[in-house]
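In our numbering, the protein residues as written are 6 to 257.
C-beta atoms are modelled at their ideal positions from N, C-alpha and C, and glycine is treated no differently.
Since this is a predicted model, take the numbers as computed values, not measurements.
One structure is given below, encoded as C-alpha cells.
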Ligand code: NI
C-alpha cells in the first residue's frame with residue numbers, strides 16, 4: 006500500500022472533486038494512509054476536519070514559514086488545542102524558506118523554534134520544510150534534537166547524514182524523477198531503507214511523467230518505482246519499509 010506522509014488536500018486545487026478523490030479514487034489506487042499537513046491555522050483546522058471525515062487520513066497542524074508573518078501573536082494554547090485532536094499526529098509543516106522569503110527570516114526562525122519546543126512539550130514529531138535554509142535549519146535541529154522528518158528533502162548527502170545522526174527521517178518525493186535530478190538521486194541511493202518516508206506534497210511536485218498535471222497520492226507509485234530502481238530493490242520492499250517507518254514516526 007501507499008503511505009503518503011505529506012499532502013495538502015485542503016488546497017483549493019481539490020475544491021472541485023475533493024470528496025471523489027478522497028472517498029474513491031485514492032483507495033482504488035492502493036493509497037492506504039495520508040498525512041494532511043497544515044500551513045496556517047485555517048488549513049490546520051481543515052486538515053483535522055478531513056481526518057475526521059476519512060478514516061485513512063491523519064493531520065499535522067502548524068504554521069508554515071510562508072504564513073508566519075500573517076499568523077499573528079504567538080498563542081501556544083491555540084496550537085496545543087489543535088494538536089490535542091486524536092487524529093493529529095505531528096506538528097507541521099514548520100521550518101524555514103529562504104527561497105521565497107514570504108515572511109521575514111527573523112519571524113520564520115521564531116515560529117520554527119517555538120513550534121519545535123511545543124511539539125516536544127506535547128510529544129509529537131515535527132514535519133520540517135527547509136528550502137535554501139539548510140544551515141539555519143540544521144542549527145535549530147541540532148540544538149533541540151526533535152523527532153520528525155525533513156520533508157521534500159533538497160539537501161546534499163552530507164546534510165542527509167547529519168539529519169540521520171539525530172534519528173530523524175528524510176522525506177522523498179517527486180524530485181527524484183525530474184530529468185535534471187542529480188543530488189536527489191545521490192541522496193536516495195545513500196539513505197538506509199529504515200529512514201525513508203515517501204511523500205507527494207500534492208497538489209505540488211508532480212513526478213515525471215505527469216508534469217503539468219495536478220499531483221495526488223497515487224503518483225507515489227512512480228516515485229517509488231524510481232527510488233526502488235536507484236536502490237536496486239523491489240517497489241514492494243520500498244513501499245513496505247516506508248509505510249513501517251511512517252507508522253513508527255507518527256504512531257499510527
Ligand atoms: Ni507541503
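* Selected residue, minimal CA-CA separation from residue 159, among 178, 42, 22 and 114 -> Residue 159 sits at position 154 when you count from the first residue of the chain shown. For residue 159, the nearest C-alpha among the options comes from 178.
* **Touch test, the segment 75-92 against the segment 17-36, Cβ-Cβ under 8 angstroms, three pairs minimum** => no
* Around the C-beta of residue 214, are 16 or more other C-beta atoms found within 10 angstroms, so that it is buried, or is it exposed? -> Counting from 1 along the chain shown, the entry for residue 214 is found at position 209. Flag for residue 214 reads exposed.
* To do: Could you please give me the residues that DSSP links to residue 100 through a beta bridge?
  => Along the chain shown, one-based indexing puts residue 100 at 95. Paired residue(s): 134.
* Asked: Hey, is residue 71 close to the ligand NI, as in C-beta under 7 angstroms from one of its heavy atoms?
  -> By one-based count along the chain shown, residue 71 stands at place 66. Every heavy atom of the ligand NI is 7 angstroms or more from the Cβ of residue 71, so no.
* Asked: Thinking C-alpha only, which one of 60, 188 and 196 is nearest residue 92?
  -> Here residue 92 is taken as the residue at index 87 of the chain shown, counted from 1. Among 60, 188 and 196, the Cα nearest to that of residue 92 is on 60.
* To do: Please indicate yes or no: does the CB of residue 42 lie closer than 7 angstroms to some heavy atom of the ligand NI?
  => Reading the chain shown from its first residue, position 37 is the one you call residue 42. It does: the Cβ of residue 42 is within 7 angstroms (strictly closer) of some heavy atom of the ligand NI.
* Asked: Less than 7 angstroms between the CB of residue 206 and some heavy atom of the ligand NI, yes or no?
  -> As a first step, residue 206 must be located in the chain shown, where it is residue number 201. Yes; taking the cut-off as 7 angstroms, the Cβ of residue 206 has a heavy atom of the ligand NI nearer than that.
* Asked: Smallest Cα separation from residue 107: which of 73, 62 and 140?
  -> Here residue 107 is taken as the residue at index 102 of the chain shown, counted from 1. With distances taken between Cα atoms, residue 107 lies closest to 73.
* Which partner residues does residue 206 have in the DSSP bridge list? -> Taking the first residue of the chain shown as 1, we reach residue 206 at position 201. Paired residue(s): none; residue 206 is not in a bridge.
* How about residue 250 and residue 196: are their beta carbons less than 8 angstroms apart? -> On the chain shown, residue 250 is found 245 positions in, with the first residue counted as 1. On the chain shown, residue 196 is found 191 positions in, with the first residue counted as 1. Going by C-beta atoms, residue 250 is not nearer than 8 angstroms to residue 196.
* Roughly how far, in whole angstroms, is the beta-carbon of residue 103 from the beta-carbon of residue 138, given that I think they are within contact range, below 8 angstroms? -> One-based indexing of the chain shown puts residue 103 at position 98. One-based indexing of the chain shown puts residue 138 at position 133. Yes, they are in contact, since the Cβ atoms of residue 103 and residue 138 sit about 4 angstroms apart, within 8 angstroms.
* Helix, strand or coil for residue 167 per DSSP? -> One-based indexing of the chain shown puts residue 167 at position 162. Residue 167 falls in the helix class under three-state DSSP.
* Asked: Is the Cβ-Cβ distance between residue 155 and residue 133 less than 8 angstroms?
  -> Walking along the chain shown from the start, residue 155 turns up at place 150. Walking along the chain shown from the start, residue 133 turns up at place 128. A contact, by the Cβ cut-off of 8 angstroms.
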